[in-house]
Amino acid sequence: MIGNLPLITVGLITVIGLFTIVSKRNLIKILMGLNIFEAAVNLFLISIGYREGGIAPIYTNAVQGLMVLPTPQALTLTSIVIGVATTAMLLAFVTIIYRNYGTVDTDRIRELRE
Amino acid sequence: MSWELLRLHAPALLIAVPLVASFAMPILGRTKLSRGIIALGAMALTSCIAIFLSYTVYTSGVLLYVFGAESPALSIPPDSGGIPIRIIFTIDALSAFMTLIVAIVGFSVFLYSMSSDQRHTGLEGYYTLFLMMIAGILGMVNTGDLFNFFVFLEISSLAGAGLVAFRIEKGKAVEGALKFAVLSTMGALLLLFAVGIFYWQYDALNIAAIASRMQFSLLDQIALVMLVAALAMKCGSVPLHFWTPDAYSMAPSSVTAMLVVSSQASLYGLFRVIFTLYGIKLDWVTVGWIVIALGMLSMFVGVTMAIPQKDVKRLMAYHAISQTGYMLLGVGVGIAVLGDPASLQSYGMAAIDGGLFHIFNHAMYKGLLFLTAGAIIYVTGTRDMNAMGGLGHRMKYTMIFFMIGALAIAGIPPFNGFASKLVIYESVYRFSPVLAIIAMLVSILTLASFVKVFHSVFMGPELPEYDTGREVPLPMLLGMGLLAGIVIVIGIFPAPFIDHLVAPAAQALVNQAGYISAVAGGG
Amino acid sequence: MLSTTFHTGAGYWNPLVWLGVFLLLLVLAYLFWFRGESGYRREGEQTKPFLSGNRAPARGEMHLRASHLYWGFTEAIRGYYERVVPAHTGVLNDYLLWFLGVMSFILVIMVVIR
């Protein structure tokens, strides 16, 4: 049970993130929801990479034990970096939209439709 | 010696050249001349490498490139326990086919962009993003690693969104870009989730390595659902298409032509996942019918939504959705008979051939049509078809190019759209006649809607407001002419094209064992 | 040697035949044009449209604009358009909801029912 805690958290955060994305009408809140969902994915990647009793693959003064390939950690770092870039760009878009439309409400940002 | 070295490292150069040029652009591209030389030069070089690479793959089989290894062919290091841990580019005939599309459309678009975009400021940033997008698309179609696919997908979507928003247009372009970027990020995150699921089960990220261990457990099925939904959204199939007209219509026209190719790279990803990652192990009838259903919906809803449009680029964007439906239909029929060797041989392969052939043809004529739309907007300064008319008097070449593109998209012989649609109709008819008949109906509606565009834009008396309008500059005509020439040549010689380029690609798509052994046997 | 004949499995197709017909039509059109009235002048009254003696409308008025085309088609299947066109609301939340909805739909078909 306690070993599954990270995965349960992942499920919980995923639901919170997706619910925020579809239910909130404020663009900033939608982006927050997107970031929450992204946090869930990152937590998922980290938790699948955990091995009981494994040690980091640093060969200098290494203690005896099973070394773990740090691929999931590398994936998570990459994903965080991409997430920062995406969020920065989306927030820039929201700023420009606010300047031109005077609102961040998705119901009123629908010049392009039909 | 250096020639050999070039041949060996061509896959890395394919990504490196546009990326390096992209990052050099903000520093070196301050003047018009240097910007043009760097952008066009880098794109020409990339296209040359891409064509060279495709030629190599078509003549001598699957090409492996292992980043960071002692030799580019050493895919599985001896101490890794049989898992390819490095990032590997696995370039088979299908990847080469897609690379060829990017090379041709990319070069035409850059040529066109040399004069179409010069009236705007901030162009060094524009070309930075543009080259980055090219690198992202090339990476997507050539990589053999799922996480790497995610990274390149994000690169191409972020650069694409930045380009869509480039001309703010009172916030409307940014609105389209925001919708595109939020949905792309959502799709990419789901893709990452699926990658995590695979790593959890198989300790691998390489497509071939995962494919060889594939169990098709419950988790794999959930991952498949996420991948199919995310990639179907990225390629713009109905009912996940809502971002497509918004982003396509607001982007600068040269970018729109490239966004079409980027969507098709996602389509490639979808087919790669279904055929190579899962292959025969998945429930082929269900998945095939889901892809067919998405395809039929895209075809019909796309074309019917296009007919009442007033914005010329929005209309063409809906046609892009509709044409994506043909590709999904063709390949979907191939998936639906994947586990049935008799049907696969008798019409399944032909359907896949038709679908892939249509990807190539679509990239050419849709790119051409978006470029002509850009030329029309360049002259008139408006997107609204109600404000246009009589342009055929002054823009004869653009009109001819538009006619070529419009007849090709409607499947009128002797242009290339006819050849691929013929293959799709005949093979789909043997699978299910109703689907083929609906496909033909959609083709008629496509023609009807392009007649509307042709009439309202080019026909009629010269309107007083465009009396000063002239034909667009030569580089734009050259870019359009290159694509138009390819449309005609393929329309006249479809058989050699299918035999030498499309059929090997379709074989590579279906041949999962060959893909796996190319990576596993490379040690 | 590049062959233009294209075998599709069920039949064959040769674009050269089509091109030949096309060329023939062009030649015919030229012949008709060639035998036309030689006394035509490009200026003067005879180039103006004749509308029973009424004055021809201005150039901009004569052109049939895009929104008038296919009015009958859209009117004939109005029931369909009244449902499909408003579905393209332009609201970001709806787009995301469609995406998640279709994904759950595929999930139900592919995993639960099968």
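Residue numbers (the numbering used here), protein chains in the order written: chain A, 8 to 121; chain B, 520 to 1042; chain C, 1022 to 1135.
All residues carry an ideal CB built from backbone N, CA and C; glycine is no exception.
Asked                                                                                                                   : Found
Whether B:LEU708 touches B:LEU746 by CB criterion (8 angstroms)                                                         : no
For A:ILE9, the first and last residue of its enclosing alpha helix (DSSP H)                                            : Premise fails: A:ILE9 is in no alpha helix (DSSP H) and is neither H nor E.
6 angstroms CB neighbourhood of B:GLY908 in its chain, flanking five on each side removed                               : GLY979, LEU982
Residue interval of the alpha helix (DSSP H) (run including B:PHE496)                                                   : Only positions 520 to 1042 of chain B appear in this structure, which leaves residue 496 of chain B out of reach.
Classification of C:GLU1096 by the beta-carbon crowding that lies within 10 angstroms, buried from 16 upward            : exposed
Buried versus exposed, by CB contacts within 10 Å (16 or more), B:GLY1042                                               : The predicted model places B:GLY1042 with a pLDDT of 43, which falls under 50 and marks its position as unreliable, so this point remains unresolved.
Nearest-angstrom Cα separation, counted from B:HIS528 out to B:ALA967                                                   : 48 angstroms
Cβ pair B:ILE656, B:SER675 closer than 8 angstroms                                                                      : yes
Assigned exposure category for B:ASP986 - 16 Cβ within 10 Å defines buried                                              : exposed
Reference B:ILE653, options B:PHE671, B:ASP636, B:GLY644, closest by Cα                                                 : B:PHE671
Residues sharing a beta bridge with C:LEU1072, DSSP                                                                     : C:ASN1075
Neighbouring residues, chain A, relative to B:LYS689 (Cβ below 7 angstroms)                                             : ASN107
Short Cβ contact (8 angstroms threshold) for B:ALA680 with B:SER703                                                     : yes
B:PHE626 - containing alpha helix (DSSP H), residue span                                                                : 612 to 635
Per-residue burial, B:THR763 [other beta carbons within 10 Å of its own, 16 or more giving buried]                      : buried
Residues from the region 65 to 86 of chain A in contact with chain B, defined by Cβ distance under 8 angstroms          : LEU76, THR78, PRO79, LEU82, THR85, SER86
Chain-ordered neighbours of C:THR1110 on chain A, where CB pairs are closer than 7 angstroms                            : ARG117, ARG120
B:ASN725 (DSSP reduced to helix, strand or coil)                                                                        : strand
Helix, strand or coil at B:ILE607 [DSSP, three-state]                                                                   : strand
Residues of the region 725 to 748 of chain B whose Cβ lies closer than 8 angstroms to any Cβ of chain C, in chain order : LEU737, GLN740, ILE741, LEU743, VAL744, MET745, VAL747, ALA748
B:MET617 and B:ALA784 closer than 8 angstroms at C-beta                                                                 : yes
Limits of the unbroken alpha helix (DSSP H) element including A:VAL88                                                   : 78 to 108
Min CB distance C:LEU1072 to chain A below 8 angstroms                                                                  : no
Chain A within 8 angstroms of C:ASN1114, Cβ atoms only                                                                  : yes
Limits of the unbroken alpha helix (DSSP H) element including B:TYR1034                                                 : 1031 to 1039
Status (buried if at least 16 other CB within 10 Å, exposed otherwise) for B:ALA751                                     : buried
Alpha-carbon spacing of B:ALA684 relative to B:ALA700, whole angstroms                                                  : 10 angstroms
Burial state of A:ASN11 (16 or more Cβ within 10 Å)                                                                     : exposed
Pick from B:THR565, B:LYS698, B:LYS691 that is closest to B:LEU525, judged by C-alpha positions                         : B:THR565
Residues near C:LEU1104 by beta carbon distance below 7 angstroms, same chain, minus five either side                   : According to the sequence shown, residue 1104 of chain C is Arg rather than Leu. For C:ARG1104, where only same-chain residues beyond five positions count, there are no Cβ hits under 7 angstroms.
Selected residue, minimal CA-CA separation from A:ARG117, among C:ILE1134, C:SER1088, C:ALA1108                         : C:ALA1108
Where the alpha helix (DSSP H) through C:TYR1091 begins and ends                                                        : Neither: C:TYR1091 is in no alpha helix (DSSP H) and is coded neither H nor E.
B:ARG791 classed as buried or exposed, judged by whether at least 16 other C-beta atoms fall within 10 angstroms        : buried
Where A:GLU45 meets chain B, residues with beta-carbon distance less than 9 angstroms                                   : THR704, LEU708, LEU711
Limits of the alpha helix (DSSP H) - the one that B:LYS829 falls within                                                 : Counting along the chain, B:LYS829 falls outside any alpha helix (DSSP H), and DSSP gives it neither H nor E.
Range covered by the alpha helix (DSSP H) that runs through B:PHE921                                                    : 915 to 928
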